[in-house]
Amino acid sequence: ASKGVEGGNMAALTSLKDFRIERMLSESTSRKSIALLGRLEGAEGGGQAIVYLEKKPFQSDKIAEALSEGHTLDQNFHNAEYAVYELVP
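Take any residue in the sequence shown, count from 1 to its spot, add 28: that is its number in the working numbering.
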């Protein structure tokens with residue numbers, strides 16, 4: 029099956045394994061998103077594509093479970109006022 033535009037309609041993708049990044053278009057730490065320009069290998073018409081990735085919000089019912097599962101904390105930053113940690117599974 030070919031990838032990309034077919035008869036004026038975008039073909040459905042099931043994976044991004046054939047997407048090759050050319051450059052980052054934008055990144056938002058506040059929205060936790062990134063836009064990437066790249067190409068889909070094997071796609072008709074050159075396969076140029078923009079992929080927009082966004083982190084899903086936390087599931088409030090799973091937060092307590094995530095904090096109690098024995099994950100480790102990596103400290104990314106600290107000063108006299110506060111510290112920033114990354115929760116690592």
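Think of the CB as a built atom: it goes at the ideal place given N, C-alpha and C, for glycine as much as any other residue.
8 Å is my cut-off, CB to CB: does residue 69 come that close to chain B? Chain labels in this structure do not include chain B; a single protein chain is all it has.
Local conformation of residue 96 per DSSP, three classes: Translated into the one-based positions of the sequence shown, residue 96 becomes position 68. Of the three classes helix, strand and coil, the one that applies to residue 96 here is coil, per DSSP.
Name the one or two DSSP bridge partners that residue 76 has. Here residue 76 refers to the residue found at position 48 of the sequence shown. Beta-bridge pairing links residue 76 to 67.
Please report how far the alpha carbon of residue 59 lies from the alpha carbon of residue 77, in whole angstroms. Position 31 of the sequence shown, counting from 1, holds the residue named residue 59. Position 49 of the sequence shown, counting from 1, holds the residue named residue 77. The alpha-carbon atoms of residue 59 and residue 77 are separated by roughly 21 Å.
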